[in-house]
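Q: Here it is, the structure in full.
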Amino acid sequence: MKTIFNHRSIRQYQSKPIDQALLDKILEAGTRASTTGNMQLYSVVVTRNEEAKAKLAPLHFNQPMVKQAPVLLTVCADLNRFNSWCEFRNADAGYDNFLWILNAVVDASLFAQNICVAAESEGLGICYLGTALYNAPEISEALELPKGVIPLTAITVGYPDQNPPLTDRLPLSAVVYNEKYEANTEERINSLYAEKEALDSSRKFVAENAKDNLAQVFTDIRYKKADNLHFSAKLLDFLKAQGFQF
37 MKTIFNHRSI RQYQSKPIDQ ALLDKILEAG TRASTTGNMQ LYSVVVTRNE
87 EAKAKLAPLH FNQPMVKQAP VLLTVCADLN RFNSWCEFRN ADAGYDNFLW
137 ILNAVVDASL FAQNICVAAE SEGLGICYLG TALYNAPEIS EALELPKGVI
187 PLTAITVGYP DQNPPLTDRL PLSAVVYNEK YEANTEERIN SLYAEKEALD
237 SSRKFVAENA KDNLAQVFTD IRYKKADNLH FSAKLLDFLK AQGFQF
């Protein structure tokens with residue numbers, strides 16, 4: 037609980053390498069996560085090589101920690117291994133569809149989060165990189181991922197060289213519903229987001245981007261509709277190329 041409640045995204049790392057035995061222990065902790073039917077529909081590509089990290093960095097929008105962290109983990113939703121097992125056992129696999137993409141995404145997400153908690157409990161820092169989905173085709177090519185494998189997220193791992201403050205979170209009442217979902221009326225939304233919008237950091241975001249409010253920073257600056265549509269279409273094409281049917 038202490039590890040979980042003290043989570044921080046670390047974007048600056050010491051040059052100190054991670055011992056292989058420790059990394060193996062952390063990755064094994066990942067495999068103890070819950071999984072669909074005990075199928076373990078995930079895999080991870082470990083990148084330590086400096087040249088390899090430099091090749092991947094532009095695909096993660098050149099975020100400095102990609103090259104600075106001693107280890108970059110690319111966590112994948114992976115149907116390829118299970119499909120291959122079925123093929124070699126004369127079993128007719130039907131896992132090339134949308135349902136099983138989602139099952140594999142759940143498996144890989146649980147695997148990734150276990151890795152992160154384990155790493156932080158050992159004194160390491162981590163940072164999730166959502167950019168893996170934005171450039172999934174290019175990352176797939178760089179890592180030579182076969183059909184049925186989707187790069188879902190990347191995680192930088194290393195010894196922290198910073199101690200940033202805890203990131204704000206919405207109140208528990210924003211995400212917990214008792215018995216049934218509660219309508220998000222304007223009054224409810226105003227109440228739930230009041231503290232976030234009042235933060236100095238939020239006000240700074242709004243002022244720096246010349247917007248009326250924090251929501252507009254997200255919709256107009258950080259995650260624009262045009263970009264969303266572009267990368268969504270790109271990802272859908274990639275999923276089809278990886279052998280999934282819709």
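Each number in my numbering corresponds to the 1-based position in the sequence shown with 36 added.
Glycine is no exception: its CB is placed at the ideal position from the N, C-alpha and C atoms.
Starting from Val107, trace the alpha helix (DSSP H) in both directions and tell me its first and last residue.
A: Premise fails: Val107 lies in the beta strand (DSSP E), 107-114, not in any alpha helix (DSSP H).
Q: Indicate the three-state DSSP secondary structure (helix, strand or coil) for Ser268 in the structure shown.
A: Of the three classes helix, strand and coil, the one that applies to Ser268 here is helix, per DSSP.
Q: Tyr78 lies in the beta strand (DSSP E); which residues open and close that run?
A: Segment 78-83, the beta strand (DSSP E) holding Tyr78.
Q: Can you tell which of Leu265, Tyr259, Gln281, Asp55 has the C-alpha that lies nearest to the C-alpha of Gly159?
A: Of Leu265, Tyr259, Gln281, Asp55, the residue nearest in Cα terms is Asp55.
Q: Tell whether a beta-carbon distance below 9 Å holds between Tyr170 and Phe267.
A: It is a contact, given that the beta carbons lie within the stated cut-off.
Q: With a cut-off of 8 Å on the beta carbons, I'd call Leu275 and Ile151 a contact; round off their distance for me.
A: Their Cβ separation, rounded to whole angstroms, is 24 Å, which puts Leu275 and Ile151 out of contact at 8 Å.
Q: For Tyr78 and Ile175, I'd like the C-alpha separation in whole angstroms.
A: Taking the straight line joining both Cα atoms gives about 16 Å.
Q: Within the stretch 154-231, note down every full beta strand (DSSP E) run reaching 3 residues or more, in order along the chain.
A: The qualifying runs are 161-165, 185-194.
Q: Which residue's Cα is closest to the Cα of Pro187: Gly194, Pro200, Leu165?
A: The candidate whose alpha carbon is nearest that of Pro187 is Leu165.
Q: Where does Asn119 sit, in a helix, a strand or coil, going by DSSP?
A: Asn119: helix per DSSP, three-state reduction.
Q: Do Asp114 and Gly66 come within 9 Å of each other at the CB atom, strictly closer than that value?
A: No, the Cβ-Cβ distance between Gly66 and Asp114 is not below 9 Å.
Q: Please check the pair Val80 and Cys112, which I expect to be a contact at CB under 8 Å, by giving their CB distance rounded to whole angstroms.
A: Yes, they are in contact, since the Cβ atoms of Val80 and Cys112 sit about 7 Å apart, within 8 Å.
Q: Just the C-alpha distance for Lys61 and Glu223, rounded to the nearest angstrom, thanks.
A: About 48 Å.
Q: Is DSSP giving Asn245 helix, strand or coil here?
A: If DSSP states are grouped into helix, strand and coil, Asn245 belongs with coil.
Q: Does the stretch 101-111 come into contact with the stretch 121-137, if we say contact requires no fewer than three beta-carbon pairs (one atom in each stretch) closer than 8 Å?
A: The stretch 101-111 vs the stretch 121-137: no contact.
Q: For a test of the three-state rule: what should DSSP assign to Gln281, helix, strand or coil?
A: Strand.
Q: Assign Val211 to one of two classes, buried (16 or more other C-beta atoms within 10 Å of its C-beta) or exposed (fewer than that).
A: That one is exposed.
Q: To the nearest angstrom, report how far apart Ala129 and Tyr49 are at their CA atoms.
A: Those two C-alpha atoms are separated by around 43 Å.
Q: What does the Cβ neighbour count give for Asn116, buried or exposed, with the cut at 16 atoms within 10 Å?
A: Answer is buried; the Cβ neighbour count reaches 16.
Q: Are there 16 or more other CB atoms within 10 angstroms of the CB of Asp143, so buried, or fewer, so exposed?
A: Label assigned to Asp143: buried.
Q: Rounded to whole angstroms, what's the CA-CA distance from Glu86 to Asp263? Just pull it up for me.
A: Their backbone Cα atoms lie some 30 Å apart in a straight line.
Q: Just verifying my parser: in three-state terms, what is the DSSP assignment at Asn133?
A: Three-state result, Asn133: strand.
Q: With Leu13 as the anchor, note down where its alpha helix (DSSP H) starts and where it stops.
A: Examination of residue 13 is not possible in this model, given that the chain is present from 37 through 282 alone.
Q: State the DSSP-derived secondary structure class of Ser51, mapped to helix, strand or coil.
A: Coil.
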